[in-house]
Amino acid sequence: MPALTEFCDIFGGVSEQAVNNLIADFQNQRPSLFNYGTGTFSNNPGRLCDTSFIANVDKDVQIFKNPLVSNLDLLAVPGYNGPYGLEYCFQLTRLAIDFQPSNSIQLPPGLDPPLQNQMFALQARIAVGLGAPDAAAIGLAAGAGSSGGAAKPTIPLPFDPANLVSINLDIFAVFGAKQGGPSSDPYIALALNGLELPGLVPAGLESILESYIKVALSLGLLPQVKIALSKLVFNIADMLTISPTAISANVPFNPSIENDQVEVFLTLN
Amino acid sequence: MSTVNIAVNANTLNKIWEDIEAKINAMPPLAASKTLGPFGIDFAIGFRVSSGTNPITLANNNVTINNLEFTYTPLKLTLSVIIKEIDTPTVCVWTPFGQACLPSIKLFPETTVSVPIDLSGIFAGSFSGQFSLTPVKQVLAAKGALTAHQATLTADTSDEILNDFKNLISTKIPILPGVLVDDIAKVFVAGVKGNLADKWLFHLKDVDSNLQLIDIGDTALNIMDIIANEILSFLPAPARILAEDILQPLFKSIAAALDIENDVLTWLERLFQSSLGIGNMLETFFGNLIFQMWPVFKIEDPYPMIAAGNGLIAVLVPMENIVVNVNAPQEIVVSADLF
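These protein sequence lines map, in sequence, to chains A and B.
The numbering of the first sequence is the numbering used here, which starts it at 1 and goes up by one.
The numbering of the second sequence is the numbering used here, which starts it at 1001 and goes up by one.
Structural data, given as structure tokens:
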């Protein structure tokens, strides 16, 4: 068996199960990054679309008084000048990763399974809920005066929590890591290779949402995930200075995604 | 398998060794005294370690330290002898007028004669050994009922680690005075003490080691160097450097061929090892104490994968099943499961 440090000084490999466990730890210790809602939901997490996460929240979240749900502003009603707004919630309830080869996420046919070399798949389930007001609540809002030009609604439209309208949406995406930039200042970035929202009807709605999310990821989120390799040079305990091993015939990918794990190769300076 | 693998090659280990070497060279000298009847000996021994290039290799599933050379500096011996008081006897004579006695006269008061000997930088020894890399989990009593996040954020202000080190040193080397035990322990505490979180400490555990207290060849080399420096000191710097460059290979070949035991050196080595117990002390010090007090590296458990920030707690990841494998001659691989 070849040495892991045959072409570097330090090797790090993380299996996909370890990454999935890390994601679960992240969800349990920072639930507010995965659960969002207006006042009714941030003050009463038990009224969210999916409450299964509450039992798994780390006890230190309560000890340190961290929120379970991030608070959102009320949803404004287009054309309405009054002070009322709609309540809603948005949750990322399931997040899992599958490194090449494909074996833990069943990719939809639209993503041409199985995973190709140096690719990884992401599966996420999104739960969205809207606090649908009944006729009496709508009448209450209609009878309210103008909000006087206030930018955002300030009063939630009342709704019956038992009648929360919600939808669960599964998203599948395939990514690859790439190195780019000039040789004097290279960087590592994520590239989106495909995205699917299977089972959404009508098909046109699925296509619209897929296109929107692809654009949002490609232009909005992924460029921010670009990491300059120069920023990855760091010291360990003030005695070791390390940086990513340069790409070569012996190290064609760094990081490398294969064998159900992500591998990083580092060199001492 | 929820495994994380981290592999480190011998080159990295040698970089870490440089830090250990600096810590050893920063230690205060060992000092103690011993009395043998009217004779006494006080000594102070310090070390300067010189390991050369890449002393650490990997073999036989162990970490091997090759030919670590150390010079005794300071090496100061103070030999003393207590000379008892010498008095003349009381002499009495009978006279016609009765007994007349001469009083005792103190000819020589009790005196301690001391002879200081400074042998700093002359004697050299060597050390080599094989060690396994052993993970040990440190759980501080001071942590008490704190949760994992609370422990990560709370500094360890107790003396628990210091007291542990002091107990270890004084148990292994009982001859050392308390002040010295305290000073040595404090040198190593800084590398271990941090917050109250549990930690995995990776120590080198002695499998087989060879400590040569006095290496005849290296000591002879030091003596010849000192003599040459004295003889050549009158020369201007360029000429002295040239002369030293010519003499060094000659000195080294003499040291390498030297295989006789000088009577004085033999006596001193036996004195170190048997009468003073220094042999056992140094063997213990090099083979056990240093590595028990200085972990090669340490990891918090749970590991802070994401630091606290923006008012949110850190993301801590528990680890289990930590295993160390030595993949000789290339690398050490540490594996752990994340949960």
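Built from N, CA and C at the ideal position, the CB exists for glycine as well.
This structure is a prediction, so every number in the text was calculated from the model and none was measured.
- With three or more CB-CB distances shorter than 8 angstroms, the stretch 1317-1332 of chain B counts as touching the stretch 1291-1304 of chain B.
- Here Ile105 of chain A carries a coil assignment [DSSP, helix/strand/coil].
- Contact with chain A is absent for Glu1110 of chain B, since none of that chain's Cβ atoms lies less than 7 angstroms from the residue's Cβ.
- The residue from A:Leu95, A:Ser70 and A:Ala203 with its alpha-carbon nearest to that of Cys89 of chain A is A:Ser70.
- Annotated three-state conformation of Ile1313 of chain B is coil, per DSSP.
- Under the DSSP definition of a beta bridge, Asp1206 of chain B partners with B:Phe1131.
- In this structure, Asn1005 of chain B places its C-beta atom within 7 angstroms of the C-beta atom of Gly13 of chain A.
- Neighbours of Phe1188 of chain B across chain A, judged by C-beta separation under 9 angstroms, do not exist; the nearest C-beta is about 14 angstroms away.
- For Glu1160 of chain B, the enclosing alpha helix (DSSP H) starts and ends at Glu1160 to Lys1172.
- In the structure shown, Tyr212 of chain A adopts helical secondary structure according to DSSP, grouped into three states.
- Within the same chain, Asp1183 come within 6 angstroms of Pro1028 of chain B by CB-CB distance, once the 5 residues on both sides are set aside.
- At least one beta carbon of chain A lies nearer than 7 angstroms to the beta carbon of Ala1007 of chain B.
- For Met1027 of chain B, the secondary structure class from DSSP, reduced to helix, strand or coil, is coil.
- Exposure of Ile54 of chain A is indicated by the presence of fewer than 16 other C-beta atoms within 10 angstroms of its C-beta.
- For Ala1142 of chain B, the CB contacts under 7 angstroms within the same chain, skipping 5 residues up- and downstream, are Asp1156, Ser1158, Glu1160 and Leu1196 in chain order.
- Segment contact: the stretch 190-200 of chain A against the stretch 165-173 of chain A, three or more CB-CB distances shorter than 8 angstroms; contact assigned.
- Close to Ala3 of chain A, with beta-carbon spacing below 8 angstroms, are these residues of chain B in chain order: Ala1007, Asn1009, Asn1327, Gln1330 and Glu1331.
- Residue pairing by DSSP places Lys1143 of chain B in no beta bridge whatsoever.
- Considering only beta carbons, the part of the stretch 1011-1033 of chain B lying closer than 8 angstroms to chain A consists of Asn1011, Thr1012, Lys1015, Ile1016, Glu1018 and Asp1019, in chain order.
- Look at Leu217 of chain A here: in three-state DSSP terms it is helix.
- Here Gly1191 of chain B is not bridged, per DSSP, to any residue.
- Between Ile97 of chain A and Leu266 of chain A, the C-beta spacing is not below 7 angstroms.
- Judged by DSSP secondary structure, Asp60 of chain A falls within the alpha helix (DSSP H) whose first and last residues are Lys59 to Ile63.
- The stretch 1060-1141 of chain B is shown to contain whole beta strand (DSSP E) runs of 3 or more residues at 1062-1083, 1091-1095, 1098-1102, 1106-1108, 1111-1118 and 1124-1138, in chain order.
- Residues of chain A whose Cβ lies closer than 8 angstroms to the Cβ of Leu1316 of chain B are, in chain order, Asp25 and Gln29.
- The Cβ-Cβ distance between Val1187 of chain B and Lys1166 of chain B does not fall below 7 angstroms.
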